[in-house]
Every structure is written in C-alpha cells, then in structure tokens.
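Right, one structure below, let's go through it.
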Amino acid sequence: MRKLENSELDRKSVEDFKKSTKTPLILVLDDIRSLHNIGSVFRTADAFLIEKIILCGITATPPNKEIHKTALGATETVAWEHHENVLEVIENLKKENVITLAIEQVESSVFLQDFTVEKNQKYALVFGNEVYGVAQEAVALCDGCIEIPQLGTKHSLNIAVSAGIVVWDLFQKLSWPK
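Per my numbering, the sequence shown starts with residue 2, numbered consecutively.
This is how it looks when you write it as structure tokens:
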C-alpha cells in the first residue's frame, strides 16, 4: 500500500467544481466566533460539494487571512452569502421548501444515526455559536433538530467537527454510492 500523489487524486478545477451537481445541503453558520472553524467548514463543504454556506450574525466572511488558513482555497469554490439575521434566513429557506434542521441537543431531537433523508429534498443545517449553540429562537423556527450522540463527559463538540460529522452522514445518505 502506498500514499497517492496529489496528481493521482482527480481533483476538480475551480471551474469544474462550480459546474458540478451539488449535494442538496446548505450550511447555516450563526454567530461563529472562530475564524478557523469557519475555514474548516468551508473545506468540508468543498470536499462534499455542498450547495452553499450562509454566514449569519457575527460570523466573519471571506476574504480573511485567518479563514484562509484552514479553508485552503475553499472560499473560492463554495458559494456563500452573509445575512445579519439567522431567523430571517431560516424563514426564507422554509419558504423555498428547504427543510431546516438545527444541529443541537434539544427535547425531541433525532439522533443523527436515526435521521432518514428524503431523496430529492434540500436540507439546511443550522450550526450555532461555540459557547451557546443554536439560539433558542432559531431552534423553534426549524423544522427539526438533529443531535450527534455523545457518550463521554463533555457532550460538546467543536463546530467544525460537528459539521464534518453531520455533513458526511447526510452526504452518504443522500448520494453515496451514486
């Protein structure tokens, strides 16, 4: 067994990425403080051909040197937009028939492994602040909540880690294998 060289990885060009059929997921980042977390989510979104990222509230936007450190160019491939108010974003997504899901620990949440996707349905995943999580008002507006089961003492994951776990799970449920 040997590691593959970069030339063997069949990487898309920026142009090819933009033309590619996207995974029907929108990531909503609300009040994310860490620029490195933002960059990491961009990189995950690039890896799984996510439709777009919506940055809300105090969440910083590209171009930004600190975001770029972890995004490694993904801010050039993944579509993104910024809005001040996450509640308006959720309301607008719902009007577009996008199922909105907070990634949070709440009453009546569905554990990630038990969440069933509907084929040909678009989803928006709402991730909240590193300390406070998804705001209660946003949770109340969402169509549902997904919880990542955790068995240790912390019951708290880094936002970039949470995004990676949930995006991978939904990606493989929605489109793998093709």
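Note that the Cβ used here is the ideal one computed from N, Cα and C, for glycine as well.
Span separating the alpha-carbon of residue i from that of residue j
i	j	result
S35	T60	8 Å
F43	E89	22 Å
V118	K174	7 Å
I100	F128	14 Å
L73	G40	8 Å
L113	N7	33 Å
E138	N65	29 Å
L167	G145	The sequence given here has Val at residue 167, not Leu. Each residue's alpha carbon lies about 14 Å from the other.
V29	S14	25 Å
V162	G153	16 Å
K4	F49	21 Å
E9	S21	20 Å
R12	K155	37 Å
A164	V132	15 Å
Q151	K96	33 Å
M2	D115	35 Å
Host alpha helix (DSSP H) of residue i (start-end)
i	result
H37	L36 to A48
D170	I160 to S176
E67	K66 to A72
A103	Not the alpha helix (DSSP H): A103 falls in the beta strand (DSSP E), residues I100 to I104.
First and last residue of the uninterrupted beta strand (DSSP E) at residue i
i	result
E89	It is not in any beta strand (DSSP E) - E89 instead sits in the alpha helix (DSSP H) that spans V87 to K96.
E77	Element bounds for E77: n/a, residue is neither H nor E.
D31	T24 to D31
Nearest neighbour of residue i, chosen from the options [CA to CA]
i	options	result
C143	D115, D170, V107 and T78	V107
V87	V15, I149 and L56	L56
A75	A46, A136, R12 and M2	A46
N159	K96, H37, F172 and G58	H37
N121	E92, L171, S157 and E77	L171
S157	E16, W169, I104 and F116	I104
D17	E85, E77, M2 and P63	E77
T62	M2, F116 and H83	H83
Anticipated Cβ contact below 8 Å, residue i with residue j, distance rounded
i	j	result
L126	L94	Not quite, the Cβ-Cβ distance comes to about 11 Å (not below 8 Å), so this is no contact.
I33	N130	7 Å
D31	V135	7 Å
E92	G58	Incorrect: roughly 15 Å between the Cβ atoms, too far for contact.
Nonlocal neighbours in the same chain, by C-beta distance under 8 Å from residue i, ignoring five residues either side
i	result
E52	K23, T24, P25, L26, I27, A80 and K123
S176	T24
P98	Pro is not the amino acid found at residue 98; the sequence shown has Asn there. Excluding sequence neighbours, N98 sits near K123.
Sequence-distant residues of the same chain with beta carbon closer than 6 Å to residue i, five excluded per side
i	result
E148	Q106, S110 and F112
Cβ shell of residue i (< 7 Å), same chain only, five flanking positions each side left out
i	result
I54	L28, L30, V42, F43, A46, V79 and W81
K70	H37 and G40
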